[in-house]
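Per UniProt numbering, residue 1 is the first one in the sequence shown, and the count goes up by one each step. Even for Gly, the Cβ is constructed at its ideal location relative to N, Cα and C. As the structure is a computational prediction, the values presented were derived from the model and not from experiment. Reading through the structure tokens given below for one structure.
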Amino acid sequence: MAKYFKEGSLEERGHAEMLMEYQNRRGGRVALKNILMPEMEFNNAEKGEALYAMELALSLEKLNFSKLRELHAVGSKHEDASMTDFIEGGLLDEQIASVKRVSEYVSQLRRVGKGLGVYHFDKSLA
Numbered sequence: 001m002a003k004y005f006k007e008g009s010l011e012e013r014g015h016a017e018m019l020m021e022y023q024n025r026r027g028g029r030v031a032l033k034n035i036l037m038p039e040m041e042f043n044n045a046e047k048g049e050a051l052y053a054m055e056l057a058l059s060l061e062k063l064n065f066s067k068l069r070e071l072h073a074v075g076s077k078h079e080d081a082s083m084t085d086f087i088e089g090g091l092l093d094e095q096i097a098s099v100k101r102v103s104e105y106v107s108q109l110r111r112v113g114k115g116l117g118v119y120h121f122d123k124s125l126a
């Protein structure tokens with residue numbers, strides 16, 4: 001699963017860079033702030049670490065989708081066709097696919113439970 005999360009991290013970083021580049025191109029400014037380390041542990045004895053991590057990933061994917069929809073709504077409200085096209089032109093579709101994929105992973109992990117099933121799930125991601 002480490003490979004999956006590493007690839008996902010690189011993909012999300014690419015999206016962030018696209019958004020920053022777009023904002024700069026439109027004359028805006030990008031203000032980067034520190035990201036604080038979460039105060040939570042990523043292990044859960046009841047669900048297992050893999051399922052818990054994937055459920056957290058799913059909630060983040062859904063949050064990203066929600067924020068993209070809000071951004072699209074702002075563009076629509078201000079009749080900014082360039083911005084709505086930019087958001088629609090790949091970001092929304094990719095986010096929908098990501099939510100679907102991670103939802104499927106959560107379902108698979110719930111089915112396999114903890115232990116050896118997680119090992120086989122991890123191998124299937126490679």
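I'd like to know whether the C-beta atoms of residue i and residue j end up nearer to each other than 8 Å.
i, j, result
"Leu71", "Val106", "no"
"Leu58", "Leu91", "no"
In whole angstroms, give me the CA-to-CA distance for residue i and residue j.
i, j, result
"Leu19", "Ile87", "9 Å"
"residue 136", "Gln95", "An answer regarding residue 136 cannot be provided, because it is not within the stretch 1 to 126 covered by the chain."
"Glu17", "Arg29", "13 Å"
"Gly48", "Met1", "13 Å"
"Phe5", "Asn24", "28 Å"
"Asn34", "Arg13", "15 Å"
If you run the structure through DSSP and keep just helix, strand and coil, what is residue i?
i, result
"Glu39", "coil"
"His120", "helix"
"Gly28", "coil"
Could you give the C-beta distance for residue i and residue j, rounded to a whole number, given that I count them as a contact under 8 Å?
i, j, result
"Met83", "Gly75", "4 Å"
"Lys3", "Leu125", "7 Å"
"Lys62", "Val99", "6 Å"
"Met54", "Val102", "7 Å"
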